[in-house]
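Q: So the sequence lines, in the order shown, correspond to chains S and W. Under the numbering used here, the letters of the first sequence match residues 1 to 291, in that order. Under the numbering used here, the letters of the second sequence match residues 292 to 580, in that order.
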Amino acid sequence: MNYVFHILIMINIYIILSVSTNLLVGMANLLSLGQAAFYGIGAYVTAYALIGLGLPLLPTLLLAMGVTAIFSFLLAYISLKLEGDYFILATLGFQIIIFTILYNWIDVTRGPYGIPGIPSPKLFGLVKIEGITGYIILSTILSAITIFVFYKIINSPFGRALKGMRDDEIAMISLGKNITVLKVEAFVLSSAFVAIAGFIYASYISYIDPTSFNLDEAIFILTAILIGGTGNIKGPVIGAVFVVLLPEILRFVGMPDNLAANMRMIIYGLTLIILMRYRPQGIAGEYKFSK
Amino acid sequence: MFIQFLINGLITGSIYALVSLGFALVYNTTRIFHIAYAILYMIAPYFLMTFLIKLQISPILSILIAISLTIIVSLATELFVYAPLVKKKSSPNVLMISSIGVMIIAINLVALCYGNETKIINPSLSDSYKIGNIIITYNQIIQFITSSVFIGLFMVFLKFSKFGIMTRAMRDDTELCKVFSMNVPGFRLVLFAISGLFAAIGGILTAWDFGMDPYVGMPMLLNAIVALIIGGIGKFQAPVIGGLVLGVLQALSVLVFSANWKDAIAFSVLVLFLLFRPQGFIGEKRRLV
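1. If distances are taken between C-alpha atoms only, which option among S:Thr230, S:Phe158, S:Ile227, S:Ile115 comes closest to Ala202 of chain S?
2. Reducing DSSP to helix, strand and coil, say where Tyr420 of chain W ends up.
3. Name the residue from W:Arg568, W:Val372, W:Ile363, W:Leu543 whose alpha carbon lies nearest to the alpha carbon of Val481 of chain W.
4. At the 9 Å Cβ level, is Arg277 of chain S part of the contact set with chain W, yes or no?
5. Whole angstroms are fine: how far does the CA of Ile427 of chain W sit from the CA of Leu416 of chain W?
6. Do Phe572 of chain W and Gly533 of chain W come within 9 Å of each other at the CB atom, strictly closer than that value?
7. Of all the CB atoms in chain W, is at least one closer than 9 Å to the CB of Ala90 of chain S?
8. Just list the beta strand (DSSP E) runs in the region 404-477 of chain W, keeping only unbroken ones of 3 residues or longer that don't cross its boundaries, in chain order.
9. For Ile132 of chain S and Leu138 of chain S, I'd like the C-alpha separation in whole angstroms.
10. Under 8 Å Cβ-Cβ, which residues of chain W neighbour Ser290 of chain S?
11. For Ile266 of chain S, return the contacting residues in chain W, with the cut-off set at a CB-CB distance below 7 Å.
12. Use the C-beta contact count for Asn430 of chain W: other C-beta atoms within 10 angstroms, 16 or more gives buried, fewer gives exposed.
13. Below 7 Å between beta carbons is the criterion; list the residues of the region 544-567 of chain W that meet it against any residue of chain S, in chain order.
14. Three Cβ pairs or more, each shorter than 8 Å: is that satisfied between the region 325-342 of chain W and the region 506-515 of chain W?
15. Please list the residues of the region 306-328 of chain W that have a C-beta atom closer than 7 Å to any C-beta atom in chain S, keeping them in chain order.
16. Under three-state DSSP, which class holds Leu33 of chain S?
17. How is the alpha helix (DSSP H) around Asp168 of chain S delimited, first residue to last?
18. Roughly how many angstroms lie between the CA atoms of Leu245 of chain S and Gly300 of chain W, to the nearest whole one?
19. Just verifying my parser: in three-state terms, what is the DSSP assignment at Leu579 of chain W?
20. Roughly how many whole angstroms lie between the Cα atoms of Leu309 of chain W and Ser120 of chain S?
21. Let me know if Pro112 of chain S comes out buried or exposed under the rule of 16 or more other beta-carbons within 10 Å of its beta-carbon.
22. Nearest-angstrom Cα distance between Ser190 of chain S and Lys177 of chain S?
23. Taking the straight line between their C-alpha atoms, what separation do you get for Gly54 of chain S and Thr46 of chain S?
24. Under a three-way DSSP split, which group does Leu123 of chain S fall into?
25. Check whether chain S comes within 9 Å of Pro569 of chain W, counting only Cβ atoms and requiring the distance to be less than that.
26. On a Cα-Cα basis, can you pick out the residue from S:Ile153, S:Val184, S:Leu23 that is closest to Ile70 of chain S?
27. How about Val580 of chain W: is its C-beta nearer than 9 Å to some C-beta of chain S?
28. Is the distance from the Cβ of Ser389 of chain W to the Cβ of Arg277 of chain S below 9 Å?
29. In this structure, how does DSSP classify Met10 of chain S when only helix, strand and coil are distinguished?
30. Let me know if Thr361 of chain W comes out buried or exposed under the rule of 16 or more other beta-carbons within 10 Å of its beta-carbon.
Structure representation (structure tokens):
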């Protein structure tokens, strides 16, 4: 049963990652290769807040979201002046720089040794989130909140403005919308919620190291939402479930472990290529990357 | 010390220049953000290892076979992945995502066949020459001469041959090339072949010295892209200048900080260039906004 619960917690983490990344990729047409960096910043801030400051749950979560939002505002300020490939490059650069700092600034981040022994957070100083049952409740609540918030955002005037901008920037400018502000808002919102996933991951696994937040992870997050599809809520959710479940399915089919790790990546890659050719909106998405 | 690092930087930079030139050849003409280019650099030394060590074929022949196979992989990427998408008029993002897909598949196929660990092609230590205080290895000399020769030849062909004129025409206006009845899909194959050639040579030269694992492609691709941007997009001399500058900069950053910070420094330079001099050293001014 613990095994099923663990999978469900990982699915919740990836649902949060993909639903919030969708706001950038599917709603604002900003393909970001830097999402794993924000995931990592959220996780590291959580680790410091829980170990160093001994903060309870909600302040830790808010701190992680706040610090990540500040970083994402900085990146947005720099990168949103750029367009298309150059924007992707700037986010890629950010990803590499953050990873290098996490990996090499050993005095502060302990580098490749990682941060072990992250304690469980306490809710209102009373209830301690403990054991796998505690985390399944916590992660389900947080992913439900994330889905709810982004559902509301997508169907709000702000969401419609983003869609408008994605489909025709010039038309939106002529309607008097400030597209730079729209993009910055989407960027900061998306990254702040990515930090929630970092929070759950750090406190649940209770050990973090930089390799969980490298470029491969950023590509993996992107793969999840591109397979599921972007532009709505169900696409990213399906994508997250797919990428987390596939390795488990391969294990049940009886694929040996040493092949399974590579095989699943090959399946992701093939799925991406085939989807991009025949169904760019993914399994259940809405946006076809038409621009 | 300083001069030693400078020379090491120039030699590494010459390989960056060659690999970056291959990337630029595709990017400047087709506007594809060719991430799968990383795997050509990685896969060439694996082909070489298969023929040289497993099948015991003579070195020269093995190198030629390895390079040809890499070119075939490059052509296959264009034929089976990019060309159909271009025909469908897919957006640049779709092409880039498919390219990521190709990269993921190839890296994991190689990892499946050869394993994740670092492989060595040439186990012996390279001879070195001492000039004053400066030590240069035999491999470094080969690296510098080979990449310089190929870059030089390419520049001559770019300037004086029909191929060069067509390449520059593609860079300036692909639609107009079609109007003048140029066979654009066919010529793209030529470009992909040459870019595969450059990646293969860069990959083999580096792997001969340091060995390779399935993940060497991405860091090199990132260096090639940084070299291209700081040189300037649009001109073919740019990646060469950018590559040499980046090589020297990284070597000096090793001298000042430590080797661990190389990537962060390269990308900090990239971000500074994107912000303050997006046209790079010699690129044409263009609006990025």
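Idealized CB from N, CA, C, for every residue including glycine.
A: The relevant details are as follows:
1. Residue 202 of chain S sits at position 202 when you count from the first residue of the first sequence. Ranking S:Thr230, S:Phe158, S:Ile227, S:Ile115 by CA distance to the CA of Ala202 of chain S puts S:Ile115 first.
2. For the purposes of this step, residue 420 of chain W is taken as residue 129 along the second sequence, with counting starting at 1. Of the three classes helix, strand and coil, the one that applies to Tyr420 of chain W here is strand, per DSSP.
3. Looking up residue 481 of chain W in the second sequence gives position 190. The shortest Cα separation from Val481 of chain W among W:Arg568, W:Val372, W:Ile363, W:Leu543 belongs to W:Ile363.
4. On the first sequence, residue 277 of chain S is found 277 positions in, with the first residue counted as 1. For Arg277 of chain S, the answer is yes, since a Cβ of chain W falls inside 9 Å of its Cβ.
5. In the second sequence, the residue the question calls residue 416 of chain W occupies position 125. In the second sequence, the residue the question calls residue 427 of chain W occupies position 136. The alpha-carbon atoms of Leu416 of chain W and Ile427 of chain W are separated by roughly 13 Å.
6. Here residue 533 of chain W is taken as the residue at index 242 of the second sequence, counted from 1. Here residue 572 of chain W is taken as the residue at index 281 of the second sequence, counted from 1. Yes.
7. One-based indexing of the first sequence puts residue 90 of chain S at position 90. At a cut-off of 9 Å between C-beta atoms, Ala90 of chain S counts as an interface residue with respect to chain W.
8. For secondary structure counted as the beta strand (DSSP E) over 3 or more consecutive residues, the region 404-477 of chain W holds these complete runs in sequence order: 419-422, 425-428.
9. In the first sequence, residue 132 of chain S corresponds to position 132, counting from 1. In the first sequence, residue 138 of chain S corresponds to position 138, counting from 1. Cα to Cα, Ile132 of chain S sits roughly 10 Å from Leu138 of chain S.
10. Here residue 290 of chain S refers to the residue found at position 290 when the first sequence is read from its first residue. Ser382, listed in chain order.
11. Here the question's residue 266 of chain S lines up with position 266 in the first sequence. The contacting residues are Ile396, Asn399, Leu400.
12. The sequence position of residue 430 of chain W within the second sequence is 139, counting from 1. Counting Cβ neighbours within 10 Å, Asn430 of chain W comes out buried, since at least 16 surround it.
13. Result list: Asn551, Trp552, Asp554, Ala555, Phe558, Ser559, Leu561, Val562, Leu565, Leu566.
14. Yes: at least three Cβ pairs fall under 8 Å.
15. The residues in question are Phe324.
16. Here residue 33 of chain S corresponds to residue number 33 of the first sequence, with the count starting at 1. In the three-state reduction of the DSSP assignment, Leu33 of chain S falls in the coil class.
17. As a working mapping, residue 168 of chain S is identified with position 168 in the first sequence. Neither: Asp168 of chain S is in no alpha helix (DSSP H) and is coded neither H nor E.
18. Within the first sequence, residue 245 of chain S is the residue found at index 245, counting from 1. Within the second sequence, residue 300 of chain W is the residue found at index 9, counting from 1. Cα to Cα, the separation comes out at about 46 Å.
19. On the second sequence, position 288 is the one that residue 579 of chain W refers to. With a pLDDT of 47 at Leu579 of chain W, under the threshold of 50, the predicted position of this residue should be treated as unreliable, and no value is reported.
20. If you number the second sequence from 1, residue 309 of chain W lands on position 18. If you number the first sequence from 1, residue 120 of chain S lands on position 120. Ser120 of chain S has its alpha-carbon roughly 51 Å from the corresponding atom of Leu309 of chain W.
21. Reading the first sequence from its first residue, position 112 is the one you call residue 112 of chain S. The residue is exposed, with fewer than 16 neighbouring Cβ atoms inside 10 Å.
22. As a working mapping, residue 190 of chain S is identified with position 190 in the first sequence. As a working mapping, residue 177 of chain S is identified with position 177 in the first sequence. Their Cα atoms are separated by approximately 20 Å.
23. Position 54 of the first sequence, counting from 1, holds the residue named residue 54 of chain S. Position 46 of the first sequence, counting from 1, holds the residue named residue 46 of chain S. Going by the C-alpha atoms only, they are around 10 Å apart.
24. Position 123 of the first sequence, counted from the start, is the residue given in the question as residue 123 of chain S. Collapsing the DSSP output to three states places Leu123 of chain S in a strand.
25. Translated into the one-based positions of the second sequence, residue 569 of chain W becomes position 278. At least one chain S Cβ lies under 9 Å of Pro569 of chain W.
26. If you number the first sequence from 1, residue 70 of chain S lands on position 70. Minimum Cα distance to Ile70 of chain S is reached at S:Val184.
27. Within the second sequence, residue 580 of chain W is the residue found at index 289, counting from 1. For Val580 of chain W, the predicted model reports a pLDDT of 39, less than 50, meaning its position is unreliable; a value from the coordinates is still stated below. Cβ-Cβ to chain S under 9 Å: yes for Val580 of chain W.
28. Along the second sequence, one-based indexing puts residue 389 of chain W at 98. Along the first sequence, one-based indexing puts residue 277 of chain S at 277. Annotated as proximal: Ser389 of chain W and Arg277 of chain S, with beta-carbon spacing under 9 Å.
29. Taking the first residue of the first sequence as position 1, residue 10 of chain S is located at position 10. Taken through DSSP and simplified to helix, strand or coil, Met10 of chain S comes out as helix.
30. Translated into positions along the second sequence, residue 361 of chain W becomes position 70. Buried, because 16 or more other Cβ atoms sit within 10 Å of the Cβ of Thr361 of chain W.
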